[in-house]
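Colleague: I have a structure here, written as structure tokens, and I will follow up with some questions on it.
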Amino acid sequence: MPSNTGPSIDTITEGGRVTQVGEGQEAEETSPAVVTLGAPTVGELLAERYELAEHINNDSAGRLVWRGVDVVLRRPVAVVLRYPGGDSATEMLQAAVAASRVIHPNLVGVYDAIDEDDRAYVVREWVDGQSLREMVTADGPLDPARATAIGNAVASALAAVHATGMVHGNIHPGTVMISDDGRVVVADARTDGADSQENDLRAVGGVLYYALTGHWPHGEAPLHGATAGHGRAALPDAVRDSAGGIAAPRQVRAGVPAYLDDLTMDLLDPEIAPPSSDVLSAELSRLDIPADEQFLEQAGPLRFTADPGEEPSPLAAAGGRKVALGVAGLLAVALVGLFIGINVLGGGDGGDKEPVSQPSSSAPATGGGSAEPAAPVARKLTIQDVRIIDPKSKDRAEVRDAEKVMDGSDDDGWETQTYKNNGKFGGLKDGMGIWIDLGAPHTVKSLQATLSSGGAAAELRTGATGDFPSTSKGDGQLVAAYPTVIGQPFESSDSGTNMIFNGFDPAKKYQYLLFWITELPEKDSGGWKLGVQEITVQGS
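According to the numbering used here, the stretch in the sequence shown is residues -8 to 531, in order.
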């Protein structure tokens, strides 16, 4: 090979080494065997242009991942090969053709796709860095600002892909890659037609969850039929309750802002319709604030729930707990759309590169017969009244400030006094609680209590209305009238700062609830005390 055709192999190895797992998740023992007889070798020149420099790994889909050099443009490239080629390489080549139509700074660039019958290969951008999976495995969960920035980049990339009517279909911590200079890129789109744009958006929730907790929320039931080897099965599964429900990020670790916790869990909730990718990208962009500016805790979204008789906002009409963009947010959406319009290639060019993934449609079928009524979408319910319940109080000092648990702020809440001796209220009482009136019967999906610290024990009860005066005796009567426990109680050993009760009977309606605290956490300064910062109820 002429020595002057490009840089030598030794000159392009600077920067962090990466497994290029975006298209090279390392094969497991159960993965298909990779045929190596006659496989490419170091120094071989493909298509008279791409010199193979180093074999990185074999992925679980039967592909060989190499680092190479484009000897014409003198730049490093990643080369993903199929040997033998033929029908087994069709999906890989189709995915590359589709991906090459979208140019975006958060998508790995695809340079070439070549089919040589006996083997096929895709040439794409080389990324010096590591995958999100490698980063979290090595260093642990990310801080909220970094997780938000990564989620923003992924959503922005999806907005560009979805604008073409295609889907990515393979978003997970192995295909989200972070370069040494901090750039976040997404690789390895699939085109098997089994995915949808909605699944892409659910996967953004999974990426946020993984970045914040180090656990993958689809571990036991991977997204849309994914199997081992696409980088999901090897990830630690999320913490789950006895019913299989996942713990919210704030239950797993401290310091996760409530609004980021809400956004992540909403994206993972199949009963809440996700926003479109451009709206999600604009909202995450609004929240993507440098950590040193210290604005992250105040940047949370409003929740769109139209009052009776009002015209719902466009975001609320899409369903679920939506984000308030305001003027800046709407401008962000417009800029996202403009950027996509400039950068998306193809479409009507008459070429032979046809996208194989088609846009999903949620429109009802037309024709005879009436459409099924849409299922009600969960939303934040309005709490009409709250009251502190303390059956064994003497001076009633602790029953004040109940309204702080429904003021929409986690910064200030109701709190108990400090008790000595033990967390069982010093042995002076069986518990204390917060009585909640929703104003009318509702189908309830979940109740979330945001606490000042972890280590408390509590349960959720329900009962009927009655004449229970706000006295110690009246509180005792109320507690006796609320015997039904909803879901599983939270024990002090496994509770975090965010308790979520979701064991409601979907066939029943609820108006009155009692959040009953049975054990207080110990303070660092001594004594036992708990604050309830906020209570929210989701339902319809």
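The beta carbon of each residue, even a glycine, is placed where N, CA and C say it ideally should be.
Out of Gly522, Asp515, Ser437 and Lys385, point me to the one whose CA is closest to Asp403's CA.
Modeller: If we check each option's Cα against that of Asp403, Gly522 comes out closest.
Colleague: For Ala229, which of Leu199, Pro248, Gln121 and Tyr503 has the nearest alpha-carbon?
Modeller: Among Leu199, Pro248, Gln121 and Tyr503, the Cα nearest to that of Ala229 is on Leu199.
Colleague: Which residues mark the beginning and the end of the alpha helix (DSSP H) in which Glu189 is found?
Modeller: That run of the alpha helix (DSSP H) goes Gln188 to Thr204.
Colleague: For Ile526, which residues of its own chain have a beta-carbon under 8 Å away from its beta-carbon, when the five flanking residues on both sides are left out?
Modeller: Excluding sequence neighbours, Ile526 sits near Ile374, Val377, Val396, Met397, Ile425, Ile427, Leu438, Gln439, Ala440, Thr441 and Phe506.
Colleague: How big is the Cα-Cα spacing for Glu389 and Asn489?
Modeller: Each residue's Cα considered, the two are about 22 Å apart.
Colleague: I need the boundaries of the beta strand (DSSP E) containing Gly522, first residue and last residue.
Modeller: It spans Gly522 to Gly530 - the beta strand (DSSP E) in which Gly522 sits, taken as one unbroken run.
Colleague: Count the other CB atoms within 10 Å of the CB of Pro64; is the residue buried (16 or more) or exposed (fewer)?
Modeller: Note that residue 64 is Leu in the sequence shown, not Pro. The residue in question, Leu64, is exposed, as its Cβ has fewer than 16 Cβ neighbours within 10 Å.
Colleague: Report yes if the CB atom of Ala89 is closer than 8 Å to the CB atom of Ala104, and no otherwise.
Modeller: Contact: no.
Colleague: Over the uninterrupted beta strand (DSSP E) stretch that includes Arg115, give me the two end residues.
Modeller: Here the beta strand (DSSP E) through Arg115 covers Ala111 to Glu116.
Colleague: Residues bridged to Met423 by DSSP?
Modeller: For Met423, which the question treats as bridged, DSSP gives the partners Ile508.
Colleague: Rounded to a whole number of angstroms, what is the C-alpha to C-alpha distance between Asp186 and Asp257?
Modeller: Spanning the two alpha carbons is a distance of roughly 19 Å.
Colleague: Pick out the complete alpha helix (DSSP H) segments inside the region 226 to 253, 4 residues or longer, and give them in chain order.
Modeller: You should have 240 to 243.
Colleague: Roughly how many angstroms lie between the CA atoms of Arg54 and Gly165, to the nearest whole one?
Modeller: Those two C-alpha atoms are separated by around 15 Å.
Colleague: Just to confirm, is the Cβ distance from Ser268 to Asn143 under 8 Å?
Modeller: No, Cβ-Cβ distance for Ser268 and Asn143 is not below 8 Å.
Colleague: The alpha helix (DSSP H) with Met126 in it runs from where to where?
Modeller: Its alpha helix (DSSP H) spans residues Leu123 to Asp130.
Colleague: Which runs of the beta strand (DSSP E), 3 residues or longer, sit entirely within the region 363 to 450?
Modeller: Counting whole runs of 3 or more residues, the region 363 to 450 contains the beta strand (DSSP E) stretches 376 to 380, 423 to 433 and 435 to 442.
Colleague: Tell me whether Asn143 sits in a helix, a strand or coil according to DSSP, three-state version.
Modeller: DSSP places Asn143 in helix when its eight states are reduced to three.
Colleague: Judging by CA-CA distance, which residue of Glu189, Val476, His433 and Val68 is the nearest neighbour of Arg370?
Modeller: With distances taken between Cα atoms, Arg370 lies closest to His433.
Colleague: Can you tell me the Cα-Cα spacing of Asp515 and Val158, whole angstroms?
Modeller: Approximately 50 Å between the Cα atoms of the pair.
Colleague: Figure out for me which residue from Gln502, Thr509, Ala472 and Arg452 has the closest Cα to the Cα of Phe492.
Modeller: When each option's Cα is compared against that of Phe492, the closest is Arg452.
Colleague: Flag this pair as touching only if the region 229 to 243 and the region 467 to 487 have three or more C-beta atom pairs under 8 Å; answer yes or no.
Modeller: Counting Cβ pairs under 8 Å, three or more are found: they touch.
Colleague: Which of the three DSSP states, helix, strand or coil, is assigned to His163?
Modeller: It is coil, neither helix nor strand.
Colleague: Is the separation between the beta-carbon of Arg73 and that of Ala111 shorter than 8 Å?
Modeller: Yes, the Cβ-Cβ distance between Arg73 and Ala111 is below 8 Å.
Colleague: So Ala471 is in the beta strand (DSSP E); what residue range does that whole segment cover?
Modeller: Where Ala471 is concerned, there is no enclosing beta strand (DSSP E), although the alpha helix (DSSP H) it sits in stretches over Ser463 to Ala471.
Colleague: Which residues mark the beginning and the end of the beta strand (DSSP E) in which Asp106 is found?
Modeller: Note, Asp106: beta strand (DSSP E), Val101 to Asp106.
Colleague: Would you give the residue range spanned by the alpha helix (DSSP H) that Arg277 belongs to?
Modeller: That run of the alpha helix (DSSP H) goes Ser268 to Leu278.
Colleague: Just the C-alpha distance for Ala471 and Gly173, rounded to the nearest angstrom, thanks.
Modeller: Cα-Cα distance, rounded: 58 Å.
Colleague: With 16 other CB atoms within 10 Å as the buried threshold, where does Lys520 fall?
Modeller: By the neighbour-count rule (16 or more Cβ atoms within 10 Å), Lys520 is buried.
Colleague: Pick helix, strand or coil for His46, following the three-state DSSP scheme.
Modeller: Of the three classes helix, strand and coil, the one that applies to His46 here is strand, per DSSP.
Colleague: Could you tell me the distance, in whole angstroms, from the CA atom of Leu372 to the CA atom of Gly454?
Modeller: Cα-Cα distance, rounded: 18 Å.
Colleague: Taking DSSP as the reference, what is the three-state secondary structure of Pro96?
Modeller: The answer is coil: DSSP assigns Pro96 none of H, G, I, E or B.
Colleague: Can you tell me whether DSSP reads Met157 as helix, strand or coil?
Modeller: Three-state DSSP puts Met157 in coil, outside helix and strand.
Colleague: Kindly indicate which residue of Asp421, Ala146 and Gly518 has the alpha-carbon position closest to the one of Ala273.
Modeller: Of the listed residues, the one whose Cα sits closest to Ala273 is Ala146.
Colleague: Under a three-way DSSP split, which group does Ala38 fall into?
Modeller: The answer is coil: DSSP assigns Ala38 none of H, G, I, E or B.
Colleague: Quick check: what's the CA-CA separation for Arg391 versus Thr456?
Modeller: Arg391 and Thr456: Cα-Cα distance of roughly 21 Å.
Colleague: Distance, Cα to Cα, Asp466 vs Pro460?
Modeller: One C-alpha to the other measures close to 7 Å.
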